[in-house]
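These notes concern the structure reproduced below.
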Amino acid sequence: MNMTLRELGVGRSGRVLQVGGERVLRHRLLEMGITPRTVITVKKIAPMGDPVELFLRGYSLTLRLADANNITVEEIAEDTSGNQERGAAA
Amino acid sequence: MIIALAGNPNSGKTTLFNQVTGSHRRVGNFPGVTVEQKTGDIAGHKGVSIVDMPGIYSLTSYSSDEIISRDFLLKQKPDAIINIVDATNIERNLYLTMQLIELQIPMVLALNMMDEVQANNGSIDTMLLRHTLGITVVPISAKNKQGLAELIELTMHAAQHKTKPQRIDFCSADATHRAIHAITHLIEDHALKQEIPARFAATKLVEGDEKILKQLDLSKHEEETIEHAVTEMVAHLGTDREAAIVDMRYHFIEETCRASVVKAKESREYRRSVSIDNILTHKFLAIPVFFGIMFSIFWMTFEVFGNRLSDALMWCMEHLGEWLGGTLEEFGLNPAIHSLIMDGAYEGVSAVLGFLPFIVILFLFLSLLEDSGYMARVAFVMDKLLRKIGLSGRSIVPMLMGFGCTVPAIMSARTLASERDKKMTVLLTPFMSCGAKVPVYVLFIAAFFAEHQALVMMSLYLTGVLLAVLSGLVMSRTVFRGAPVPFVLEMPNYRFPSAKTVLLLMWDRGRDFVQRAFTFILVATVIIWFLQYFDVRLNPVEDIADSMLAYLGRLLAPIFAPLGLGDWRISTALVTGFSAKEVVVSTLAVLTGAGEETLTEAIQALFTPLAAFSFLIFTLLYTPCVAAVATFKRELGSFKGMLLVVIYQTVVAWLAAFCVYRAGIMLGL
Numbered sequence: 865m866n867m868t869l870r871e872l873g874v875g876r877s878g879r880v881l882q883v884g885g886e887r888v889l890r891h892r893l894l895e896m897g898i899t900p901r902t903v904i905t906v907k908k909i910a911p912m913g914d915p916v917e918l919f920l921r922g923y924s925l926t927l928r929l930a931d932a933n934n935i936t937v938e939e940i941a942e943d944t945s946g947n948q949e950r951g952a953a954a
Numbered sequence: 195m196i197i198a199l200a201g202n203p204n205s206g207k208t209t210l211f212n213q214v215t216g217s218h219r220r221v222g223n224f225p226g227v228t229v230e231q232k233t234g235d236i237a238g239h240k241g242v243s244i245v246d247m248p249g250i251y252s253l254t255s256y257s258s259d260e261i262i263s264r265d266f267l268l269k270q271k272p273d274a275i276i277n278i279v280d281a282t283n284i285e286r287n288l289y290l291t292m293q294l295i296e297l298q299i300p301m302v303l304a305l306n307m308m309d310e311v312q313a314n315n316g317s318i319d320t321m322l323l324r325h326t327l328g329i330t331v332v333p334i335s336a337k338n339k340q341g342l343a344e345l346i347e348l349t350m351h352a353a354q355h356k357t358k359p360q361r362i363d364f365c366s367a368d369a370t371h372r373a374i375h376a377i378t379h380l381i382e383d384h385a386l387k388q389e390i391p392a393r394f395a396a397t398k399l400v401e402g403d404e405k406i407l408k409q410l411d412l413s414k415h416e417e418e419t420i421e422h423a424v425t426e427m428v429a430h431l432g433t434d435r436e437a438a439i440v441d442m443r444y445h446f447i448e449e450t451c452r453a454s455v456v457k458a459k460e461s462r463e464y465r466r467s468v469s470i471d472n473i474l475t476h477k478f479l480a481i482p483v484f485f486g487i488m489f490s491i492f493w494m495t496f497e498v499f500g501n502r503l504s505d506a507l508m509w510c511m512e513h514l515g516e517w518l519g520g521t522l523e524e525f526g527l528n529p530a531i532h533s534l535i536m537d538g539a540y541e542g543v544s545a546v547l548g549f550l551p552f553i554v555i556l557f558l559f560l561s562l563l564e565d566s567g568y569m570a571r572v573a574f575v576m577d578k579l580l581r582k583i584g585l586s587g588r589s590i591v592p593m594l595m596g597f598g599c600t601v602p603a604i605m606s607a608r609t610l611a612s613e614r615d616k617k618m619t620v621l622l623t624p625f626m627s628c629g630a631k632v633p634v635y636v637l638f639i640a641a642f643f644a645e646h647q648a649l650v651m652m653s654l655y656l657t658g659v660l661l662a663v664l665s666g667l668v669m670s671r672t673v674f675r676g677a678p679v680p681f682v683l684e685m686p687n688y689r690f691p692s693a694k695t696v697l698l699l700m701w702d703r704g705r706d707f708v709q710r711a712f713t714f715i716l717v718a719t720v721i722i723w724f725l726q727y728f729d730v731r732l733n734p735v736e737d738i739a740d741s742m743l744a745y746l747g748r749l750l751a752p753i754f755a756p757l758g759l760g761d762w763r764i765s766t767a768l769v770t771g772f773s774a775k776e777v778v779v780s781t782l783a784v785l786t787g788a789g790e791e792t793l794t795e796a797i798q799a800l801f802t803p804l805a806a807f808s809f810l811i812f813t814l815l816y817t818p819c820v821a822a823v824a825t826f827k828r829e830l831g832s833f834k835g836m837l838l839v840v841i842y843q844t845v846v847a848w849l850a851a852f853c854v855y856r857a858g859i860m861l862g863l
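Respectively, the protein sequence lines represent chains A and B. Residues in the first sequence are numbered from 865 upward in steps of one, following this note's numbering. Residues in the second sequence are numbered from 195 upward in steps of one, following this note's numbering.
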């Protein structure tokens with residue numbers, strides 16, 4: 865099912881379909897490795913509910929929810945990123 | 195020979211820099227900006243210096259760090275680049291490598307943290323990587339000093355033989371390939387003239403980099419041809435220009451890593467970080483823990499160590515001063531010159547030294563936070579709160595430290611990621627009531643508000659915070675409007691900070707403050723001394739009431755009259771407060787002719803309770819002391835910026851005190 869990264873939820877993983885948003889931000893997201901077909905796991909949401917911590921390409925990255933909203937993903941069942949901390953903070 | 199050290203943030207760049215440089219290190223600024231440039235001579239190799247670039251992820255023209263790095267590499271033309279790469283996070287780190295290669299400067303790839311990769315049963319085929327990328331690859335561990343001699347040796351070899359990267363073509367898709375090649379060909383002459391590597395310029399043009407486009411100075415026709423080539427590529431790929439280039443690079447990186455990298459399944463360091471974060475970024479624990487850590491740092495810096503060291507230092511300076519003063523007097527020095535040396539210059543030197551312990555100790559703790567990786571968590575946890583006033587999470591640290599001393603607090607804003615956040619944080623931090631204002635508060639609160647001491651004290655601190663928030667809201671909608679730099683922040687694994695890096699940072703910051711603030715503070719104290727010592731006809735005065743300073747105070751008094759502070763002694767005290775806030779108290783004592791016991795009565799005669807509160811509000815908010823102002827100049831990088839801060843603070847202070855006073859009168863207080 866297609867959804868935005870924001871909707872994906874903690875501990876779940878998705879494969880990037882599309883990266884949108886304002887030009888500078890979008891370029892930065894792409895450069896940080898959020899390119900189509902990349903697998904991203906949502907690790908944690910900050911205590912105040914924003915931003916969100918992600919895991920991709922072997923490292924952790926944080927994004928604001930508003931920006932995560934511009935990333936469309938399809939959820940994938942198994943966690944291929946090697947991240948075992950499912951829902952640790954949920 | 196100049197070697198540029200480039201790499202992503204958190205790649206171990208600073209550690210490597212500190213390990214390879216000898217004792218000869220210089221800290222300066224990159225031309226025209228407040229971004230710090232560290233240069234050092236490589237130990238054991240005379241005449242070979244290494245320049246530490248800002249940590250960057252790419253060479254676009256979106257952030258000041260990237261533009262600076264790009265300009266440095268293109269214009270200063272270093273003899274070689276060492277590109278340091280975090281081997282545990284090689285995919286994303288190689289993204290910058292691909293762009294550095296296009297610059298066609300002799301380059302060596304330093305694969306840092308190889309010990310960590312191997313300890314987690316991962317491996318990297320460096321020979322294959324070297325072959326694929328066309329540059330020398332050296333596995334190192336900067337922390338453990340492994341492979342560093344070889345790295346320097348091979349870098350110098352590449353520089354001496356001007357060995358350019360062997361490969362620049364990383365295209366996979368035909369359409370991108372066609373566009374880049376067509377454009378490279380088209381702009382070659384222009385690029386040569388501007389001394390920009392053609393290949394680098396071409397990929398930047400495909401990406402739509404306006405800065406490069408302007409630099410190349412193309413004809414209308416050429417620009418159209420480029421646009422045409424890009425449009426064709428975009429139509430063919432079904433994506434856009436930025437994505438086309440990013441895709442090309444990551445596609446190549448993925449292929450390369452598939453062939454030469456065996457990834458560690460899940461590293462020990464990562465697992466450790468996750469379990470630490472189970473507490474430090476925990477839903478309920480994160481915020482209390484953060485404030486706990488900040489409070490401990492604050493307490494240790496300003497109470498436990500800083501104050502004692504500062505007091506001890508001041509004690510020494512006082513006794514040395516007594517001795518020096520006595521000696522000069524015996525020598526029969528002219529009293530005016532004697533006073534200039536002792537009350538002017540020597541006071542200034544003491545003032546500068548008094549700040550040093552706070553700076554050095556605060557930076558000890560801050561560099562522990564930064565190097566361990568906790569600062570990134572602070573940004574993560576506090577972001578939502580700070581975003582409301584147009585800042586990002588990391589700015590909370592300088593602002594909290596501002597309650598101790600503004601000087602080190604604004605110095606600590608230097609590591610903020612964006613120029614905009616840096617400036618705004620520097621502007622807002624002085625609203626946090628600093629420790630030097632406490633003696634003023636204590637005196638006045640005891641004299642006028644004995645029954646509501648805690649309440650008045652709190653209201654002062656809260657007024658400061660409130661005005662910082664209001665200023666933040668206004669600034670982020672006016673002066674600092676425009677897209678804030680995107681908040682895309684890496685969370686590195688927690689690491690144990692290296693003692694060498696921490697100590698060197700303390701040393702650098704301390705030295706930086708002394709070097710840059712010294713002249714400024716010295717000049718300011720001498721000016722204030724001059725105003726105090728002479729009258730308007732330049733005769734030395736007996737009574738400070740006859741001095742130029744008092745004259746100035748009388749001139750300024752009408753400005754303060756609407757605040758209920760029309761007496762010239764008050765305005766004079768406020769003027770002297772510019773040298774240091776606690777001086778306000780001693781000036782009032784001198785001008786009212788009161789001793790320590792009678793001071794309370796003296797100020798009770800001088801102020802009504804409402805005027806006293808108005809005075810406290812003004813003292814809280816008006817221009818910070820000369821040491822802080824000198825630091826403003828350093829951090830904002832301009833005299834004009836500094837002046838604007840001083841004026842802004844003072845105007846806000848006047849308005850706030852005015853409102854308080856007038857509201858009080860209307861309420862019949």
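Beta carbons: idealized from backbone N, C-alpha and C, even for Gly.
Spatially closest choice to residue i from the options, by CA coordinates
i, options, result
"Y444/B", "M896/A, R887/A, A941/A and I935/A", "M896/A"
"I481/B", "M700/B, A545/B, K408/B and V575/B", "V575/B"
"R928/A", "P915/A, F919/A, G885/A and L894/A", "P915/A"
"I439/B", "I935/A, L894/A and M912/A", "L894/A"
"N277/B", "L345/B, R465/B, I738/B and E613/B", "L345/B"
"C628/B", "F728/B, L656/B and I473/B", "L656/B"
"K457/B", "R571/B, Q270/B, A506/B and I318/B", "I318/B"
"F674/B", "E613/B, V659/B, V682/B and G548/B", "E613/B"
"F712/B", "L305/B, K269/B, L407/B and A545/B", "A545/B"
"I250/B", "L199/B, I236/B and D273/B", "L199/B"
Beta bridge counterpart(s) of residue i as assigned by DSSP
i, result
"E938/A", "N866/A and R879/A"
"L518/B", "Answer by DSSP bridge pairing: none, since L518/B is not bridged."
"P333/B", "L305/B"
"N277/B", "A200/B and L303/B"
"G222/B", "Q231/B"
"I236/B", "T215/B"
"Q340/B", "S335/B"
"I904/A", "G878/A and L920/A"
Contacts around residue i, its chain only, beta-carbon distance under 8 Å, and the 5 residues preceding and following it disregarded
i, result
"V720/B", "L534, G538, A539 and G542"
"I381/B", "A392, A395, A396, L399, L410, L412, E416 and I420"
"K339/B", "Q213"
"L863/B", "P803 and L804"
Sequence-distant residues of its chain with Cβ nearer than 6 Å to residue i (five each side left out)
i, result
"I722/B", "S773"
"K617/B", "none"
"L323/B", "V331 and S454"
"F681/B", "S586"
"A952/A", "A caution first: A952/A carries a pLDDT of 34, below 50, which makes its placement in the model too unreliable to give a value."
"Q270/B", "none"
Exposure of residue i, with buried meaning 16 or more beta-carbon neighbours within 10 Å
i, result
"Y581/B", "It should be pointed out that residue 581/B corresponds to Arg in this sequence rather than to Tyr. Counting Cβ neighbours within 10 Å, R581/B comes out buried, since at least 16 surround it."
"F485/B", "exposed"
"P818/B", "buried"
"D280/B", "buried"
"Q647/B", "exposed"
"R950/A", "Confidence at R950/A is low in this model, with a pLDDT of 36, below 50, so its placement is unreliable and the value that follows should be read with caution. Looking at its Cβ environment, which holds fewer than 16 other Cβ atoms inside 10 Å, R950/A is exposed."
"A343/B", "exposed"
"E234/B", "This sequence places Gly at residue 234/B; Glu is not what is there. It counts as buried."
"D383/B", "exposed"
Own chain, CB closer than 7 Å to residue i, minus 5 neighbours either side, in chain order
i, result
"E917/A", "K907, K908, S924 and T926"
"D706/B", "V221"
"G946/A", "Only weak support is given to the placement of G946/A: the predicted model assigns it a pLDDT of 46, under 50, and the value that follows is read from those uncertain coordinates. For G946/A, where only same-chain residues beyond five positions count, there are no Cβ hits under 7 Å."
"D729/B", "V735, D740, S741 and M742"
At a cut of 8 Å, does the segment 614–634 of chain B reach the segment 577–591 of chain B through at least three beta carbon pairs?
-> yes
So does the segment 304–312 of chain B actually touch the segment 277–285 of chain B, counting three or more Cβ pairs closer than 8 Å?
-> yes
Do three or more CB pairs link the segment 822–834 of chain B to the segment 781–790 of chain B at distances below 8 Å?
-> no
Any chance the segment 682–697 of chain B sits against the segment 512–519 of chain B, with 3 or more Cβ pairs inside 8 Å?
-> no
For the segment 250–259 of chain B against the segment 400–409 of chain B, are there 3 or more C-beta pairs whose distance is under 8 Å?
-> yes
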